[in-house]
Amino acid sequence: MKKILVLPGDGIGRDVCDAALPVFDLLQLPVELHFGDIGWECWRRGGDPVPEETWRQIERSDAVLLGAITSKGKLEAEQELIPELQGKGLKYVSPVIQLRQRLELFANVRPARHLTGARKPFHCVVIRENTEGLYAGMDRKGIPASMSDWVRHPNIDRSGPDEAAISVRLQTRFGLERLFRYAFDYARDNGLDRVTFADKPNVLRDSGQFAADIFHAIAAGYPGIGADIQNVDAVALWLVRRPESFGVIVAENMYGDILSDLAAGVMGGLGVAPSANVGNRVCYFEPVHGSAPAMAGKDKANPAAMFLSIALLLRHLGFDEAAARIDAAVSQTIRAGRALTYDLGGNAGTAEMARAILQALRRPQALKRASILCIGDELLNGSVVNSNAAEIGKRLSAAGYAVGLQLSSPDQLPAIRAALDQCLGQSDLVVVNGGLGPTSDDLTRDGVAAALGLPLHFDAGSMAHIEQRLTGFGLAVNPQNRRQAMFPEGAAILPNANGTAPGFALDWQDRRILVLPGPPRECLPMLDASLPPAPARQDAPVRRWLLLGVIEADIADAVETCLRDAGQEAAVSYLWRYPHVEVSIRHDDDGEPAWLDAVETLLRPHLVSRDGASAVSQLASALAGRAWLLDSGITGADLGGLLPAPAAGDADPVRIRIDASRELAPPWQGVLSLSCQIDNGGQRNSYRLDVPHRGAEVADYVREFFAWSLLRSLNEAYSHTESEPA
Ligand code: IPM
Ligand code: MN
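Dropping the structure here:
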């Protein structure tokens, strides 16, 4: 049984602990949680933010999970002490610094992983020296006389030694060796092939050379891992522009502090950045974010960084599988984009996002995401309707992919590259379409190769095929056609049975990219032939109701009241497609949802179907083989055309009479009252509906109302109440 000491601390540290700790119950690991005090109140009341009792608890535990801790400036810290403690010369030392120093947590590990968004996937880690450097504690105002022969500067003479301050950046062979060794071990154990030491050797020349020599000596022991030293400012630049080019970035304490916030920003903000403080004894784990007092208790903070910090802690304790499940659940939740806090662009609170992460843990989805990138100026200026986007979207959905993004790009290299980066950032599969022609404005192959950093190679076999096809049609082979036989290195060539340009498929990281020509006759069969199968979808069950005769806003209000009353989580969406409103409710919990009865009772009077089928489309089968007589008091609406040919010789036909309160003609205002009476042998039903007389499209309403009335009269299903999930 492993003992985990939880120190929620201050501010949002408590919020994110409350939200994320249930993950331990869910995972059922052999761990026990203990709780302790740390932070601002301990300082105010006891004069030390880390009380002695907490130190004892830490010593007894296998790992520490920290929420967040408030730190304030020197003066403020003293003023907030209780009166009995004031004036005693107590000094506030940040608890995290105390923990790092006293427990000798020499490495601060801050992974930055791409979670979602408009950039290529990346995985890098800032490993920060955590006990010395500029944080070694040698920071003072006034320069003592004993140092004056070394600490010299013309401005010291101008200000005087008392009006100057110095901070020492301490680096020791002992400290650097263990740090670098840890960094290389980490790279090796986590499949990262590069360790970059971010320093400033072009200015801090002696300390820089000292550290560089140690770095190279340690690197020599890891021949499989690239090792380089870069100026820290350049690392900052490239971390923003190309985070995917880094593996481990190792740095002195202060540089690492700054770079790790930068890396967090690149991955989506402090709300998603976890950290591990590692040494040879008890280690502690915390989100990189602070206590954000202004946000505390407001159900606003993003719990993801806390979940990810728990994953780091569990990995440290050897629970690798549980850690991987948490990582995957956080990614899944962020990619799903539904329950996200404000910092990720959503409107969910801490608790709601945490519940979504826990739910993703319970119900992991092997969902494959796809995006579609169509390339060509003609698609953007409207001269060609982009039917490929719709058609490819349909086929991908049918094959089990969740299509999350469709982009159109002009024939411009930077635009193509940026669009592809965006697709790669959020999809397992990217289907690129168009721009594979022979002319100079066909830039897709160049854009794809450049975005992935791959050279283009000529393929003689494809060229022979192109020549054969052209000469077969009596056409000249142009030097330009050579372009169509160029492919990014490593691409699998996709033959094109109906045109000149072959396509190609690339596997890049764990993504697959299909690049197809633009003409639908060419690309669609190629897509069918090359689409990798997606695993069966395991979406949470969704119930759907296609409704007639309701106003979207009214029904939404009523549905949400039902859900609120039932007090159960469910995601509702509404689609208004004249004349219908479709309500879909996804419920994430297993079993019969508590709101179901109330929602059913509410929607049943307006129900047309549970699978999106209109009444008109269901009519033929409902009336098949029946004899009928239609008597329509509505001019201009061809309702008879909806009905199948009447069966001959039925002595007892269904008699249908439909009327409208006014002509289907302008002025388009006021209300159109529809009524329909059906005599079906012994049974007589009549239906009414008032709809806005809003325009010529009311004819659609009339047809659907007519069909719906007939269905309700003829079809037993409408009088039953039970429901099945769609
Ligand atoms: C961090 C924080 C701390 C640091 C502060 C709170 C002392 O910014 O963990 O990065 O500078 O190390
Ligand atoms: Mn920091």
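So the sequence shown is numbered by my numbering: it starts at 300 and just counts up by one.
Beta carbons are placed, not taken as given, at the ideal position from N, Cα and C, and that holds for glycine.
Original post:
By the 10 Å Cβ neighbour count, where 16 or more other Cβ atoms means buried, how is residue 1024 classified, buried or exposed?
Top reply: Unreliable placement is indicated for residue 1024, whose pLDDT of 37 sits below 50; the coordinate value is still reported in the next sentence. Exposed: under 16 other Cβ atoms inside 10 Å.
Original post:
Given residue 683, which residues of its chain have a CB within under 6 Å of its CB, disregarding the five upstream and five downstream residues?
Top reply: 677
Subject >> Neighbouring residues (CB closer than 5 Å to any heavy atom of the ligand IPM) >> reply: 393 and 556
Original post:
Since residue 869 and residue 885 are thought to touch, with beta carbons under 8 Å apart, how far apart are those beta carbons, to the nearest angstrom?
Top reply: 7 Å
Subject >> Stretch-stretch touch, CB-based, cutoff 8 Å, three pairs: the segment 414-432 with the segment 445-457 >> reply: no
Original post:
Distance, Cα to Cα, residue 505 vs residue 752?
Top reply: 37 Å
Subject >> Length of the line joining the Cα atoms of residue 575 and residue 427 >> reply: 10 Å
Subject >> Cβ contact (3+ pairs, closer than 8 Å) linking the segment 601-618 and the segment 574-589 >> reply: yes
Original post:
What first and last residue would you give for the alpha helix (DSSP H) that runs through residue 495?
Top reply: No alpha helix (DSSP H) contains residue 495, which is instead part of the beta strand (DSSP E) from 493-498.
Subject >> Proximal residues to residue 883 (C-beta, below 6 Å), its chain only, five neighbours per side dropped >> reply: 841, 843 and 872
Subject >> Sequence-distant residues of its chain with Cβ nearer than 7 Å to residue 350 (five each side left out) >> reply: 336 and 341
Original post:
Taking the C-alpha atoms as reference points, what is the distance between residue 487 and residue 809?
Top reply: 20 Å
Original post:
Sorry if obvious, but does the Cβ on residue 560 come closer than 7 Å to a heavy atom of the ligand MN?
Top reply: yes
Original post:
Closer than 8 Å, CB to CB, is residue 897 near chain B or not?
Top reply: In the displayed structure, chain B is absent; only one protein chain is listed.
Subject >> CA-to-CA distance, residue 674 to residue 710, given in whole angstroms >> reply: 6 Å
Subject >> Cβ shell of residue 554 (< 6 Å), same chain only, five flanking positions each side left out >> reply: 497 and 531
Original post:
Going by beta carbon distance, what residues of the same chain come within less than 6 Å of residue 864, once the five residues before and after it are set aside?
Top reply: none
**OP:** Identify whether residue 371 lies in helix, strand or coil by the three-state DSSP scheme.
**Re:** coil
**OP:** Evaluate contact between the segment 430-443 and the segment 460-470, counting only Cβ atoms and requiring at least three cross-stretch pairs below 8 Å.
**Re:** yes
**OP:** Report yes if the C-beta distance between residue 985 and residue 971 is below 8 Å; otherwise report no.
**Re:** no
**OP:** Quick one: grab the DSSP three-state call for residue 547.
**Re:** strand
Subject >> Under 8 Å between C-beta atoms of residue 720 and residue 667 >> reply: no
**OP:** Using three-state DSSP, classify residue 873 as helix, strand or coil.
**Re:** strand
**OP:** Determine the burial state of residue 309: buried for a count of at least 16 other Cβ atoms within 10 Å of its Cβ, exposed for fewer.
**Re:** buried
**OP:** Report buried or exposed for residue 566, applying the criterion of at least 16 other Cβ atoms within 10 angstroms of its Cβ.
**Re:** buried
Original post:
Terminal residues of the continuous beta strand (DSSP E) containing residue 959?
Top reply: 953-959
Original post:
Is it the case that the Cβ atoms of residue 1010 and residue 921 are separated by a distance below 8 Å?
Top reply: yes
Original post:
What are the boundary residues of the alpha helix (DSSP H) that includes residue 686?
Top reply: 686-697
**OP:** Out of 897, 851 and 769, point me to the one whose CA is closest to residue 861's CA.
**Re:** 897
Subject >> Where residue 676 falls: helix, strand or coil (DSSP) >> reply: helix
Original post:
Under three-state DSSP, which class holds residue 331?
Top reply: strand
**OP:** Would you check if there are 3 or more beta carbon pairs closer than 8 Å linking the segment 453-466 to the segment 502-517?
**Re:** no
**OP:** Within its chain, find whatever has a CB closer than 7 Å to the CB of residue 788; leave out the 5 residues flanking it on each side and keep chain order.
**Re:** 753, 754 and 756
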